[in-house]
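Below you'll find the structure, written out as structure tokens, and then a few comments.
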Amino acid sequence: MEELDLLKKDWKKNENSFEQVSEVDIYKMLHKKSSSIVKWILIISILEVLLWTGISLVYNSDEYFIRTHSEYLIEYFKYLTIFNYAVVAVFIYMFYKNYRAISTITSTKQLMKDILKTRKTVQYYVWYNLGMMVISMIIGFILVFNVDPKIHELTSKGNVMILMIAFCTVCTLVFVGLFWLFYRLIYGILLRKLFRNYNELKKIDL
Amino acid sequence: MSENLEKTFVQQLRENQNIIHKICRLYTSDSDAHKDLFQEITIQLWKAFPKFRGDAKFSTWAYRVALNTAITLYRKSTRSVSTVEYEKHSFFISQDEYNSEEEDQIKLMYQAVHQLNDIEKALVFMYLEDKDYTEIAETLGISEVNARVKMNRIKGKLKRWKSWIY
Chain A
67 MEELDLLKKD
77 WKKNENSFEQ
87 VSEVDIYKML
97 HKKSSSIVKW
107 ILIISILEVL
117 LWTGISLVYN
127 SDEYFIRTHS
137 EYLIEYFKYL
147 TIFNYAVVAV
157 FIYMFYKNYR
167 AISTITSTKQ
177 LMKDILKTRK
187 TVQYYVWYNL
197 GMMVISMIIG
207 FILVFNVDPK
217 IHELTSKGNV
227 MILMIAFCTV
237 CTLVFVGLFW
247 LFYRLIYGIL
257 LRKLFRNYNE
267 LKKIDL
Chain B
151 MSENLEKTFV
161 QQLRENQNII
171 HKICRLYTSD
181 SDAHKDLFQE
191 ITIQLWKAFP
201 KFRGDAKFST
211 WAYRVALNTA
221 ITLYRKSTRS
231 VSTVEYEKHS
241 FFISQDEYNS
251 EEEDQIKLMY
261 QAVHQLNDIE
271 KALVFMYLED
281 KDYTEIAETL
291 GISEVNARVK
301 MNRIKGKLKR
311 WKSWIY
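Listed below in structure tokens is the structure:
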């Protein structure tokens, strides 16, 4: 077969003309799946922070404090916000570190360890956010009760007070529940994928 | 244990990487697709590696897994292969030593092979790799007779393609 044999000649000739892939490149390819998931965790957490910052810029609680003559609270809120951002920044830094670690690793054992670490970090992050939400809602309600003269007047009657507390509790639960679902959905999917990779790696480990 | 396994795999793969490159050459028509397919084959080989017990040569085993990966992937994607993109491929063909007529013919042949379907490409690949029909049949999981019939059909196709061009 003349045509194919001509091709064969060229085929043999160019056998070594390919750009060679290094061992490090191969390791990277093997771990790419995990590293791309961890990259998404990092991206989503940053987007989330941007979203919250955006919302807090639109809604300014300072005005409310000024209106209710409780300017001294502005200061406290500022500290709380700074503290919160600091903690979130630490988490994002940890996500980044996990991402760096997973995308440059050259051994499966270490990769498995880092996958578990990433899972833990994400779980802590979610619990911190939910906890922070509960605390800030409780603080918010207490402040409103004490500071706002209208509500203060209303709640001086015992029955209304109980009703209000019940209402606030339900509000908090619903709100936190919604966020819990949101986190479960977004981070849950990513973590499940990551864990599937982990199990795959474990199988190879046998 | 696992680290050793991985190390062995990576070493073997690096040494035998030209097998994958060559498959990529037949199945893809630009360097990005080449890299993607290379990576996909690498991952599939790694997944299958625990089942590779060393009773065959690494390269023989790699032929089978890599070709199967290429065939499966190619089947999923569209079958239309643009011939225009072939020009990008010309870096594979060294310019010197060929007279221009032969060079043109080789270009045409590559173009023609790119038009073949996924299984046919695998057969051409094995043929270009100087494998006999026994090995071709075994690697692709078809009978020897079937392999011969298919190969003849491919040759016919290529001939028709050539006469149509000229």
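As you go down the protein sequences, you meet chains A and B in turn. Quick note, my numbering runs 66 ahead of the 1-based positions in the first sequence. Quick note, my numbering runs 150 ahead of the 1-based positions in the second sequence. All C-beta atoms, glycine included, are put in the ideal place defined by N, C-alpha and C. Here the structure is a predicted model, which is why all the values come from computation and not from measurement.
Contact between residue 238 of chain A and residue 200 of chain A holds: their C-beta atoms lie close to 6 Å from each other, under 8 Å. Here residue 194 of chain A is not near residue 108 of chain A, since their CB atoms are 8 Å or more apart. Here the segment 163–180 of chain A lies against the segment 85–101 of chain A, with 3 or more beta-carbon pairs under 8 Å apart. Straight through space, the alpha carbons of residue 189 of chain A and residue 137 of chain A are spaced by roughly 36 Å. Under the Cβ distance rule, residue 93 of chain A counts among the residues neighbouring chain B, one pair being separated by less than 8 Å. Taking a Cβ-Cβ cut-off of 8 Å, the neighbours of residue 192 of chain B in chain A comprise 92, 95, 96, given in sequence order. In this structure, residue 259 of chain B keeps its C-beta atom at 8 Å or more from the C-beta atom of residue 113 of chain A.
Using a C-beta cut-off of 8 Å, the segment 259–271 of chain B makes no contact with the segment 200–212 of chain B, since fewer than three inter-stretch Cβ pairs fall below that distance. Taking residue 263 of chain B as reference, the option from B:156, B:200, B:278 with the minimal CA-CA separation is B:278. Collapsing the DSSP output to three states places residue 174 of chain A in a helix. Taking a cut-off of 8 Å for Cβ pairs, the segment 273–292 of chain B and the segment 70–87 of chain A touch, as three or more such pairs fall below it. Around the beta carbon of residue 159 of chain A, fewer than 16 other beta carbons lie within 10 angstroms, which makes this residue exposed. The DSSP-derived three-state label of residue 214 of chain B is helix. The beta carbon of residue 76 of chain A falls within 8 Å of a beta carbon belonging to chain B, placing the residue at that interface.
The C-beta distance from residue 115 of chain A to residue 154 of chain A rounds to 6 Å, short enough to fall under 8 Å.
In the structure shown, the three-state DSSP call for residue 238 of chain A is helix.
Short of 7 Å from the beta carbon of residue 167 of chain A, and not among the five residues preceding or following it, lie these beta carbons of its own chain, in chain order: 180. Taking 8 Å as the threshold, the shortest C-beta distance from residue 264 of chain B to chain A does not fall below it.
In the DSSP assignment, residue 178 of chain B falls outside any alpha helix (DSSP H), carrying neither H nor E.
The C-beta of residue 164 of chain B comes closer than 8 Å to at least one C-beta of chain A. Residue 161 of chain B and residue 89 of chain A have their C-alpha atoms roughly 7 Å apart. A buried status is given to residue 171 of chain B, since no fewer than 16 other beta-carbon atoms sit within 10 Å of its beta-carbon.
Across the set A:102, A:150, A:258, A:106, the C-alpha of A:150 shows the shortest separation from the C-alpha of residue 122 of chain A. DSSP, reduced to helix, strand and coil, places residue 84 of chain A outside both helices and strands of the structure shown, so it counts as coil. For residue 268 of chain B, the uninterrupted alpha helix (DSSP H) run begins and ends at 268–278, by DSSP.
Exposure of residue 282 of chain B is indicated by the presence of fewer than 16 other C-beta atoms within 10 angstroms of its C-beta. Interface with chain B (8 Å Cβ-Cβ cutoff): residue 261 of chain A is excluded. For residue 224 of chain B, the closest Cβ of chain A is not nearer than 8 Å.
Sorting B:265, B:286, B:312 by C-alpha distance to the C-alpha of residue 179 of chain B places B:265 at the top.
As the crow flies, the alpha-carbon of residue 177 of chain B is around 8 Å from that of residue 187 of chain B. Distances from the CA of residue 290 of chain B to each of B:174, B:164, B:304, B:217 were compared; the closest alpha carbon is that of B:217.
Against chain A, the beta carbon of residue 168 of chain B has neighbours under 8 Å at 81, 82, 84, listed in chain order. According to the DSSP assignment, residue 218 of chain A belongs to the alpha helix (DSSP H) that extends over 215–220.
Distance from the Cα of residue 257 of chain B is smallest, within the candidate group B:183, B:311, B:190, B:164, for B:311. Residue 131 of chain A sits buried, since 16 or more C-beta atoms from the chains shown fall within 10 Å of its C-beta. Taking 8 Å as the CB threshold, residue 182 of chain A stays off the interface with chain B.
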